[in-house]
Amino acid sequence: MTGDERIGSLVDGRFRLEERIDAGGLATVWRATDRERGTAVALKCENDGPHDRAQVRAHFRGELRWFRRFDGGPVPGSLVRFVDGAVGGDTGYVATELIRGGSLGDLVAREAEPNRPLPDPLERVRELGGPVCRALAFLHRNGVAHLDLKPSNVLVRRSGRPAVIDLNAAVATETDPDICFERDPFKPPELTLTDARDAPIGPRCDVYALGAVLAFLLTGTASAGTAASIGAWEPVDPQSGDADCPSALAGAIRRATAPDHRDRFDDADELYDALVPVLEVPNRSARLVHEPSGRTVRVRPGDTLGRWAADRRVPTVVLPDDERFCCPEHAVLEHDGSDWRLRDRSLNGTYVRGDGDWEYVLSRDGCERRRDADAPLPRPDPLASIRLSDGDRIAPVSPEYGCRLVFRTGD
Numbered sequence: 001m002t003g004d005e006r007i008g009s010l011v012d013g014r015f016r017l018e019e020r021i022d023a024g025g026l027a028t029v030w031r032a033t034d035r036e037r038g039t040a041v042a043l044k045c046e047n048d049g050p051h052d053r054a055q056v057r058a059h060f061r062g063e064l065r066w067f068r069r070f071d072g073g074p075v076p077g078s079l080v081r082f083v084d085g086a087v088g089g090d091t092g093y094v095a096t097e098l099i100r101g102g103s104l105g106d107l108v109a110r111e112a113e114p115n116r117p118l119p120d121p122l123e124r125v126r127e128l129g130g131p132v133c134r135a136l137a138f139l140h141r142n143g144v145a146h147l148d149l150k151p152s153n154v155l156v157r158r159s160g161r162p163a164v165i166d167l168n169a170a171v172a173t174e175t176d177p178d179i180c181f182e183r184d185p186f187k188p189p190e191l192t193l194t195d196a197r198d199a200p201i202g203p204r205c206d207v208y209a210l211g212a213v214l215a216f217l218l219t220g221t222a223s224a225g226t227a228a229s230i231g232a233w234e235p236v237d238p239q240s241g242d243a244d245c246p247s248a249l250a251g252a253i254r255r256a257t258a259p260d261h262r263d264r265f266d267d268a269d270e271l272y273d274a275l276v277p278v279l280e281v282p283n284r285s286a287r288l289v290h291e292p293s294g295r296t297v298r299v300r301p302g303d304t305l306g307r308w309a310a311d312r313r314v315p316t317v318v319l320p321d322d323e324r325f326c327c328p329e330h331a332v333l334e335h336d337g338s339d340w341r342l343r344d345r346s347l348n349g350t351y352v353r354g355d356g357d358w359e360y361v362l363s364r365d366g367c368e369r370r371r372d373a374d375a376p377l378p379r380p381d382p383l384a385s386i387r388l389s390d391g392d393r394i395a396p397v398s399p400e401y402g403c404r405l406v407f408r409t410g411d
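Each residue of the sequence shown is one higher than the one before, starting from 1 at the first, in the UniProt record's numbering.
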């Protein structure tokens, strides 16, 4: 069946194919309608053809493995939202949120068109590079290396926020797989045919890619290393051209893209810490640990927590919420100079528990709306914000709702 003939057909009895978005040798990406939820999704389906179907399905199974590992827990908003997927019988597919803004590469190309106002490269790094780095830091902190980060694998939502996609090459960080890619400007020497092939495969490979992506955001250009020996490779230097690049950022990029993996940052968290002065984010962090799974998200003052919604700005940390009782911006984390605080911004409230009973926290707007609707309040005059201490438990909506987080102040 050709691509056009597939339009209107159903995948797994749930997803109706509407429009072909992109196609490669192994898979085609469709705009599809999720009939269960009535929403548009991006549906990546395996292609029919002469390729090794077992190998293609191994890629799909690998991607699903990682998406399912993180499904049901908090994830950074800069990681694409997973919807569903399956491999078996006549079907192999992965469904994710539909992002219509194009890729990072598309964005940089559009901004380079004649007669368009030149963007501020540093602002691009802050708005796009910082969140991408946080997505990779989440993967690393939870035992996964992406291995294929590049501008085409970062999509930009219409809100301007980026989303890292495509986990089919990802590996567990505790393994040392034998993987080799074709060369591109975002692959370190150890992932290509060089004399560095014996170097370990893991987060430092992603650090190289992140450094190259940051340089691409600054300069709009990228070139791949061609030498077979890392002795002939050079770090990426954004100051070698005419890019406006502070020395702190240039130094971080050079270290991230060092040919020898031992000279790079250990992981994306360490790279992000080095970028804090450039990104103009608070130099303070904590962690939210998902109680059932132990998965961890690093957070900073100003980060928002909430559910994913197609028509709303994606929060910094996306909470699992199929029943949609969380708000898209349910709460925000603050630091007043001495204490961490959680400020509720929702209609249904947040529960926080330290050593004693659960405390109910509800925004002023939520409190007024519930009173206007004669809806009961768990306490007559709820707090709008509450101090957080190490080990406190956080439960959006209700302690029984299903998403419990533990607040941790140490890294």
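Where is the CB? At the ideal position from N, CA and C, for every residue including glycine. The structure displayed is predicted, hence computed values, not measured ones.
- Taking a C-beta distance under 8 Å as the contact criterion, Arg-408 and Asp-339 do not qualify as a contact pair.
- In this structure, the straight-line span from the alpha carbon of Glu-291 to that of Asp-12 is close to 32 Å.
- Scanning the region 330-404 for uninterrupted alpha helix (DSSP H) segments of 4 residues or longer gives 364-372, listed from N- to C-terminal end.
- Under the DSSP assignment, Val-299 falls in the beta strand (DSSP E) whose first and last residues are 296-299.
- For Val-156, the closest C-alpha among the options Leu-191, Gly-211, Gly-130 and Ile-99 is that of Ile-99.
- Apart from sequence neighbours up to five positions away, the residues of its chain that approach Ser-103 with a beta-carbon distance below 8 Å are Pro-151, Ser-152, Asn-153, Val-154, Leu-155 and Val-156, ordered along the chain.
- The alpha carbon of Pro-380 has as its nearest neighbour, out of Asp-321, Arg-287, Arg-364 and Gly-391, the alpha carbon of Arg-364.
- By the beta-carbon neighbour count (other beta carbons within 10 angstroms, threshold 16), Ser-223 is exposed.
- In this chain, the beta strand (DSSP E) harbouring Glu-18 covers 15-23.
- Sequence-distant Cβ neighbours of Arg-61 in its own chain, meaning closer than 6 Å and more than five residues away, are Val-87.
- It is roughly 10 Å from the alpha-carbon of Asp-48 to the alpha-carbon of Asp-90.
- Under a 10 Å Cβ-count criterion, Arg-124 is classified as buried, with 16 or more other Cβ atoms of the shown protein chains found around its own Cβ.
- As the crow flies, the alpha-carbon of Arg-197 is around 7 Å from that of Leu-191.
- Per the C-alpha coordinates, the member of Gly-24, Thr-175, Asp-106 and Pro-188 positioned closest to Arg-262 is Pro-188.
- Relative to Gly-72, the option among Ser-293, Thr-28, Asp-311 and Glu-97 whose CA is nearest is Ser-293.
- Taking C-alpha positions only, Glu-359 is separated from Thr-173 by approximately 38 Å.
- In this structure, the CA atom of Ala-215 is about 7 Å from the CA atom of Val-236.
- Cβ neighbours of Pro-378 within its own chain (closer than 6 Å, five residues either side excluded): Tyr-360.
- The region 328-345 makes contact with the region 294-310: 3 or more CB pairs, one atom from each, lie closer than 8 Å.
- Just so you know, the alpha carbons of Arg-141 and Arg-393 end up roughly 20 Å apart.
- The region 272-285 makes no contact with the region 226-234: fewer than 3 CB pairs, one atom from each, lie closer than 8 Å.
- In the structure shown, the three-state DSSP call for Pro-162 is strand.
- Within the model, the alpha-carbon separation for Asp-22 versus Val-171 is close to 25 Å.
- For Leu-10, the closest alpha carbon among the candidates Arg-20, Gly-25, Gly-24 and Arg-35 is that of Arg-35.
- An exposed status is given to Ala-248, since fewer than 16 other beta-carbon atoms sit within 10 Å of its beta-carbon.
- The C-alpha of Ala-373 is placed about 53 Å away from the C-alpha of Gly-220.
- Secondary structure in the region 253-311: the beta strand (DSSP E) runs of 3 residues or longer, each lying completely within the stretch, are 286-290, 296-299 and 304-306 in chain order.
- Between the alpha carbons of Glu-97 and Arg-65 lies a gap of roughly 17 Å.
- With 16 or more neighbouring CB atoms inside 10 Å of its own CB, Ile-165 falls in the buried class.
- Here Ala-256 has Val-207, Tyr-208, Leu-210, Gly-211, Arg-264, Phe-265 and Leu-271 as same chain residues with Cβ atoms under 7 Å from its own Cβ, once five neighbours each way along the sequence are excluded.
- Shown here, Ser-103 sits in a strand according to DSSP, grouped into three states.
- Less than 8 Å divides the Cβ of Val-297 from the Cβ of Val-317.
- Distance from the CA of Pro-376 to the CA of Arg-345, rounded to the nearest whole angstrom, comes to 18 Å.
- Between Glu-63 and Asn-168, the C-beta gap is smaller than 8 Å, which places the two residues in contact.
- Beta-bridge analysis with DSSP links Val-144 to Ala-172.
- Here Arg-313 has Ser-159 as same chain residues with Cβ atoms under 6 Å from its own Cβ, once five neighbours each way along the sequence are excluded.
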